[in-house]
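**Q** Handing you a structure now.
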Amino acid sequence: MNEFLEFIENNLQITYILILAIFVGIEVIKSIPAVLHTPLMSGANALSGVVIVGAILVMLHADPADYVAMSLGFVAVVLGVLNVVGGFAVTDRMLQMFKRKK
């Protein structure tokens, strides 16, 4: 628990940016109509790819003894990969609906 509190104290500005990004993301997502949700999945895949690269870079520069940073980086990579794979599956399924039947 002390490691977590030290991490928050050392990265207070990043924590504020993360909280602000969460609220901005919620407001943006609420304003998107349902019709545009599936086409925007491909854009979300690109953003998740950036999250994966960012998490890998953070893990590369983190101290190997800092288990909090390594664990959060690993969770970010895993969730980003799951989001990319799921987004591509949904987009592919959507595109299959528009193909001509033989």
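In terms of my numbering, the sequence shown opens at residue 8 and continues consecutively.
All C-beta atoms, glycine included, are put in the ideal place defined by N, C-alpha and C.
(1) Just to confirm before moving on: does the CB-CB distance between Val88 and Ile59 stay below 8 Å?
(2) Could you check the C-alpha separation between Leu116 and Leu79 for me, to the nearest Å?
(3) Could you name each continuous alpha helix (DSSP H) segment of 4 residues or more that falls completely within the segment 26 to 108, going from the start of the chain to the end?
(4) Can the beta-carbon of Gly94 be found less than 8 Å from the beta-carbon of Ser55?
(5) For a test of the three-state rule: what should DSSP assign to Asn17, helix, strand or coil?
(6) Taking 8 Å as the threshold (C-beta atoms), are Val75 and Glu10 in contact?
(7) Find the nearest neighbour of Val82 within the set Asp70, Ile21, Ala96, Gly61, judged by alpha-carbon distance.
**A** Taking the structure as given:
(1) Start at 1 with the first residue of the sequence shown, and residue 88 comes out as number 81. Start at 1 with the first residue of the sequence shown, and residue 59 comes out as number 52. Ile59 sits close to Val88, with the two beta carbons spaced by under 8 Å.
(2) The structure shown does not extend to residue 116, since the chain spans only 8 to 109, so no value can be given for it.
(3) 48 to 68, 74 to 104
(4) Working through the sequence shown from its first residue, we reach residue 94 at position 87. Working through the sequence shown from its first residue, we reach residue 55 at position 48. Contact flag set, yes.
(5) Here the question's residue 17 lines up with position 10 in the sequence shown. Here Asn17 sits in helix by DSSP.
(6) Position 3 of the sequence shown holds residue 10. Position 68 of the sequence shown holds residue 75. The answer is yes: Cβ separation under 8 Å.
(7) Within the sequence shown, residue 82 is the residue found at index 75, counting from 1. Val82 has its Cα closest to that of Gly61, out of Asp70, Ile21, Ala96, Gly61.
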